[in-house]
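Asks:
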Amino acid sequence: ANIYFPRICEIKMKMRQWATSSNPIIKKLSDEMTTKFDKYWTDIQDLMGMATLLDPRYKRHMLTACFAMLHGIEPSSYECVELVDALVARLHSLIEEYEVEVDEYKPCEELISSMKAPAIMNIFNDIVAKQSPAAARLQGEIDMYLTDGLVPYTEVFSVLDWWKVAGTRYPTLRKVARDIFAIPVTTVASESAFSTSGRILSEHRSRLTPNMVEVLMCSQNWLRNKCK
Numbered sequence: 001a002n003i004y005f006p007r008i009c010e011i012k013m014k015m016r017q018w019a020t021s022s023n024p025i026i027k028k029l030s031d032e033m034t035t036k037f038d039k040y041w042t043d044i045q046d047l048m049g050m051a052t053l054l055d056p057r058y059k060r061h062m063l064t065a066c067f068a069m070l071h072g073i074e075p076s077s078y079e080c081v082e083l084v085d086a087l088v089a090r091l092h093s094l095i096e097e098y099e100v101e102v103d104e105y106k107p108c109e110e111l112i113s114s115m116k117a118p119a120i121m122n123i124f125n126d127i128v129a130k131q132s133p134a135a136a137r138l139q140g141e142i143d144m145y146l147t148d149g150l151v152p153y154t155e156v157f158s159v160l161d162w163w164k165v166a167g168t169r170y171p172t173l174r175k176v177a178r179d180i181f182a183i184p185v186t187t188v189a190s191e192s193a194f195s196t197s198g199r200i201l202s203e204h205r206s207r208l209t210p211n212m213v214e215v216l217m218c219s220q221n222w223l224r225n226k227c228k
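Quick note: the sequence shown uses UniProt numbering, first residue 1, plus one each step.
In structure tokens:
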């Protein structure tokens, strides 16, 4: 998922070149493909953008380059900065949903400490807790991760291994990365993805439930990777 965003930019640039073709057939096909591209891209843009943010080789820098290419704007432009900031803000919102998981054992710890510590220490701990809310701590992880230096770019790089080892500095963000990178990016034949004739639903296909379709797609993707 972390390399998906840059690949999409390359496809978009190709379609943009075809749109300026002097051949009317190529130009028409490009317009139809672009319409379908925009339809599906808007649904997954945020998720794939966050996957790019969580690649320590890319972070904000790759997103900036991608948005500049996709929208035909300067990387330093206000619009480009706003697009990247919006994705970072969504990542902040997402990590806050993990606050419950992080603090699920907190009541037990508070009960133990209250039995051992004097009453004044309990009051002190309550004051400190109010001054350092969990949300601020979680958002601090994102800010620290984004301001840390980039990992030198290499073609052979396992983002999951990096988060497993070096990602211990960002314990909650690491859980977010784990869940995002677990999402399979399924590839399909180009004639299926960009066919302008629409999908043909047979009597058998139309009876598949959404859960069964998801199971079949994941199984196919995993089996193909295993064969490779």
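The C-beta atom is built at its ideal place from N, Cα and C for all residues, glycine as well. Predicted model only: the values in this text are computed from it and were never measured.
1) Keeping to the same chain, check which residues put their C-beta closer than 8 angstroms to that of S77; ignore five residues upstream and five downstream.
2) Under 7 angstroms, do residue 229 and I8 count as touching if we go by C-beta distance?
3) Alpha carbon to alpha carbon, what distance is there between K36 and E10?
4) Would a check of beta-carbon distances place G167 closer than 7 angstroms to chain B?
5) Return the first residue and the last residue of the alpha helix (DSSP H) that G49 is part of.
6) Looking at T52 and L70, is the spacing between their C-beta atoms short of 7 angstroms?
7) If you check the beta carbons only, do N2 and V159 fall under 7 angstroms apart?
8) Starting from Y4, trace the alpha helix (DSSP H) both ways and give me its first and last residue.
9) Considering only the alpha carbon of each residue, which of T172, T168, W222 and N221 lies closest to L91?
10) Taking the C-alpha atoms as reference points, what is the distance between G49 and F157?
11) In terms of residue numbering, what span does the alpha helix (DSSP H) encompassing P171 cover?
12) Only counting the same chain, and skipping five residues up and downstream in sequence, which positions put a Cβ closer than 7 angstroms to that of L83?
13) Give me the Cβ distance between R57 and V151, rounded to the nearest whole Å; I'm assuming they're in contact under 8 angstroms.
14) Helix, strand or coil for D148, going by three-state DSSP, please let me know.
15) Starting from Y78, trace the alpha helix (DSSP H) in both directions and tell me its first and last residue.
16) Kindly indicate which three-state DSSP category V156 falls into: helix, strand or coil?
Replies: Walking through what the data contain:
1) For S77, where only same-chain residues beyond five positions count, the Cβ hits under 8 angstroms are A68.
2) Past the boundaries of the shown model lies residue 229; the chain is included only from 1 to 228, so the question cannot be answered.
3) If you take the alpha carbons of E10 and K36, they lie about 16 angstroms apart.
4) The structure shown contains no chain B; it is built from a single protein chain.
5) P24 to L53 is the span of the alpha helix (DSSP H), which, as asked, contains G49.
6) In this structure, the beta-carbon distance from L70 to T52 does not fall below 7 angstroms.
7) Going by C-beta atoms, N2 is nearer than 7 angstroms to V159.
8) Note, Y4: alpha helix (DSSP H), Y4 to A19.
9) Ranking T172, T168, W222 and N221 by Cα distance to L91 puts T172 first.
10) Looking at the two C-alpha atoms, the distance is approximately 19 angstroms.
11) Counting along the chain, the alpha helix (DSSP H) containing P171 begins and ends at P171 to F181.
12) Cβ neighbours of L83 beyond the five flanking positions: F67.
13) Cβ atoms of R57 and V151 come within 8 angstroms of each other, at about 5 angstroms.
14) Annotated three-state conformation of D148 is coil, per DSSP.
15) Run containing Y78: Y78 to E96, per the alpha helix (DSSP H) assignment.
16) Here V156 sits in coil by DSSP.
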